[in-house]
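Engineer:
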Amino acid sequence: MTELQLPTYDIIIFGASGFTGKYVVREALKFLNSPNSPLKTLALAGRNSNKLTESLKWASGSKTHPTIPLIIADTSDPSSLRRMASQTKLVLNCVGPYRKYGDPVVNACVEVGCDYLDICGEPEFMERMEAVYFEKAVEKGSLVVSACGFDSVPAEFGLMFNSRQWVEPAVPNRVEAYLNLESDKRIVGNFGTFESAVLGVANVHKLAELRRSRPKRSRPNIPGPGPVKGSTIEHQEELGLWAMKLPSADAIVVRRTFSTLTENPRGLQGVNEDPKQAEKRAAFWSTIKPAHFGVKIATKSLLSVFGFIAIGLSIGLLGSFAFGRWLLLKFPSIFTFGGFRKKGPTEEEVASATFKMWFVGYGFSDAKLASQEGAKPDTEIITRVMGPEIGYLTTPIILIQCALIVLKQRQDLPKGGVLTPGIVFGPFDLQDRLQENGISFDLISEK
Ligand SMILES: NC(=O)c1ccc[n+]([C@@H]2O[C@H](COP(=O)([O-])OP(=O)(O)OC[C@H]3O[C@@H](n4cnc5c(N)ncnc54)[C@H](OP(=O)(O)O)[C@@H]3O)[C@@H](O)[C@H]2O)c1
């Protein structure tokens, strides 16, 4: 912190009244003052105290909820954000779409020098924050990490888990992830995620412009052939799944992690880490071998793939002009065939959903084979990450576990900067923590 007074709260959850925010509050309460938890003090922030109180009641599951301070802050009032940021070590920002509301929150945290995590899945926002705030965040000692939710921790940590199964002299060349969502009931997303996706389509050119305006990042040297451009619809026989490309933030976030790793092969130095921790960090990163990476949405029935294509076309076509966006945002359920709802999923729908994310890695039994003319991978390793519903159960679990690492091991984390979850939390026990909280990582097969 740059200001002399000490922060009052370990964590402030901003946007605690939102659909996802209330699930994040529920997850945080599990760790508030529990044995060995570094979370001792918590406050909720938002623009409406009645809504925050409702959210707290829901999250604590009873009328007698714990006394948790409420802080009023609005993204249109920078002084309220600064006041909020100066009262805490760490802001968990659940106010989205981030393209609309995120910048002033990051700005306030960086100015004050507190840490910031969010659950954003919007690549343009993440890269813009990096472009605008990276240096200032380092200078002020503010750690800004987006995508600490289902976007993009299962992808980043699932890929690293697969990568660690390749033992020298074996090396991976590419890893394809297949995301399969299951439920006895309907699988539904809330409006906030839908609006973020629609605005992402509308502004896709801005990401290209931003990248053109910035120096090119380093790319890792991946042994073997370049990335494979497959067919639009794929039948993955071993998994028994039909799949198509998922335009999520995952592969983009992973690429940023690999760029930072290429520039810092031993990872990022902790602000006050001891030599033992530095060694541990370097040892961890020496086990991670970069690979080409892509994510597909996958399902058992071919018909469902056509359903995904129809939703993609609807958002892609209508999202590209103003009246189309108005229609999409006015009638989300109609244009996504029930996939997104203004009121979000019911508690039963959330409770019954699960995900499986398969990582099919292709590579070489010996790195030397990769450099031969026309080399083709001769080894396949399949791993899997599996857990509860993605948006409102898995995302809060991930966000809170990342937050607990920040609270517990701040001295071992980089001083500051705008960074990805993979590069920041990779060498820590995030995977173990996720496993303890119902998100499993398994080795499935090796051949
Ligand atoms: N990474 C993932 O996998 C994942 C999963 C779930 C959600 N998300 C993202 O999380 C974000 C939120 O989604 P959601 O479904 O929870 O949305 P939501 O229900 O609409 O919640 C939005 C929250 O933002 C608050 N807010 C809006 N404008 C504000 C302002 N000007 N100042 C302060 N607070 C403001 C709202 O406060 P009020 O209550 O006062 O309106 C509410 O608390 C979206 O960007 C979504 O994509 C990501």
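Going by the UniProt record's numbering, 133 is the number at position 133 of the sequence shown; the sequence numbering is gapless. Quick reminder that beta carbons are idealized off the backbone N, C-alpha and C, glycines included. On a predicted model such as this, the values are computed, not experimentally measured, just so you know.
Following a CB-centred definition, is Cys120 positioned closer than 7 Å to any heavy atom of ligand 1?
Structural biologist: Yes; taking the cut-off as 7 Å, the Cβ of Cys120 has a heavy atom of ligand 1 nearer than that.
Engineer: Would you mind reading off the limits of the beta strand (DSSP E) that contains Phe134?
Structural biologist: Not the beta strand (DSSP E): Phe134 falls in the alpha helix (DSSP H), residues Pro123 to Lys140.
Engineer: Hey, would you say the C-beta of Pro97 is under 7 Å away from at least one heavy atom of ligand 1?
Structural biologist: Yes, the beta carbon of Pro97 sits closer than 7 Å to at least one heavy atom of ligand 1.
Engineer: From this set, Trp326, Phe355, Ser365 and Gly312, which residue's C-alpha is nearest Gly339's C-alpha?
Structural biologist: The option with the nearest alpha carbon to Gly339 is Gly312.
Engineer: Would Val24 be called buried (16 or more neighbouring beta carbons within 10 Å of its own) or exposed?
Structural biologist: Burial call: buried.
Engineer: Using beta-carbon positions only, say whether Gly422 and Glu156 come within less than 8 Å of one another.
Structural biologist: Cβ distance < 8 Å, so Gly422 and Glu156 count as in contact.
Engineer: Let me know the secondary structure DSSP gives Ala251 once reduced to three states.
Structural biologist: Three-state DSSP puts Ala251 in a helix.
Engineer: Cβ of Glu127 less than 8 Å from any chain B Cβ?
Structural biologist: You won't find chain B in this structure, because it holds only one protein chain.
Engineer: Give me the Cα-Cα distance between Arg214 and Ser301, rounded to the nearest whole angstrom.
Structural biologist: Straight-line Cα distance between these residues: approximately 42 Å.
Engineer: For Ile390, verify whether its CB is less than 7 Å away from any heavy atom of ligand 1.
Structural biologist: Within the cutoff, so yes.
Engineer: So, are the CB atoms of Gly426 and Gly267 less than 8 Å apart?
Structural biologist: In contact: Gly426 and Gly267 (Cβ atoms closer than 8 Å).
Engineer: Can you tell me where the alpha helix (DSSP H) with Lys100 in it begins and where it stops?
Structural biologist: Residues Tyr98 to Val112.
Engineer: Among the candidates Gly61, Pro69, Ser86 and Tyr101, whose CA atom is the shortest distance from the CA of Ser76?
Structural biologist: That would be Tyr101, whose Cα lies nearest to the Cα of Ser76.
Engineer: Going by DSSP, what residue range makes up the beta strand (DSSP E) through Gly422?
Structural biologist: Taken as a continuous stretch (DSSP letters only), Gly422 belongs to no beta strand (DSSP E), being part of the alpha helix (DSSP H) at Pro421 to Phe425.
Engineer: Once DSSP output is grouped into helix, strand and coil, what is the label at Ala85?
Structural biologist: Three-state result, Ala85: helix.
Engineer: Report the three-state DSSP secondary structure of Asn162 (helix, strand or coil).
Structural biologist: Three-state result, Asn162: helix.
Engineer: Is Val198 closer than 8 Å to Leu52 when the C-beta atoms are compared?
Structural biologist: Contact: no.
Engineer: Does at least one heavy atom of ligand 1 sit under 7 Å from the Cβ of Asp47?
Structural biologist: The residue asked about is misnamed: residue 47 is Arg in this sequence, not Asp. Answer for Arg47: yes, Cβ within range of ligand 1.
Engineer: How is Ser437 classed by DSSP in three states: helix, strand or coil?
Structural biologist: The displayed chain sequence assigns Asn, not Ser, to residue 437. In the structure shown, Asn437 sits in coil (DSSP, three-state: anything other than H, G, I, E or B).
Engineer: Scan the segment 375-420 and note each continuous alpha helix (DSSP H) run of 4 residues or more that stays entirely inside, going in chain order.
Structural biologist: The segment 375-420 contains these whole alpha helix (DSSP H) runs: 395-408.
Engineer: Quick check on DSSP: helix, strand or coil for Leu12?
Structural biologist: The sequence as given places Ile at residue 12; Leu does not occur at that position. Strand at Ile12.
Engineer: Just how far apart, CA to CA, sit Tyr362 and Thr299?
Structural biologist: Between Tyr362 and Thr299, the C-alpha separation is close to 21 Å.
Engineer: Pull up the distance between the alpha-carbon of Glu168 and that of Gly319, whole angstroms please.
Structural biologist: If you take the alpha carbons of Glu168 and Gly319, they lie about 47 Å apart.
Engineer: Quick check: does the Cβ of Thr346 come within less than 7 Å of any heavy atom belonging to ligand 1?
Structural biologist: No, Cβ of Thr346 sits at least 7 Å from all heavy atoms of ligand 1.
Engineer: If you check the beta carbons only, do Val95 and Ser142 fall under 8 Å apart?
Structural biologist: Their beta carbons are not under 8 Å apart, which means Val95 does not touch Ser142 by this criterion.
Engineer: Evaluate contact between the segment 367-382 and the segment 342-352, counting only Cβ atoms and requiring at least three cross-stretch pairs below 8 Å.
Structural biologist: Too few Cβ pairs lie closer than 8 Å, so no.
Engineer: If you check the beta carbons only, do Leu90 and Cys114 fall under 8 Å apart?
Structural biologist: Result yes, Cβ atoms of Leu90 and Cys114 sit closer than 8 Å.
Engineer: So, for Glu3: in the same chain, excluding its five sequence neighbours on each side, which residues have a beta-carbon less than 8 Å away from its beta-carbon?
Structural biologist: In this prediction, Glu3 scores a pLDDT of 44, lower than 50, which makes its location untrustworthy; the coordinate-derived value is nonetheless stated afterwards. For Glu3, where only same-chain residues beyond five positions count, the Cβ hits under 8 Å are Ser86, Val112 and Gly113.
Engineer: Secondary structure at Leu430, three-state DSSP: helix, strand or coil?
Structural biologist: Here Leu430 sits in helix by DSSP.
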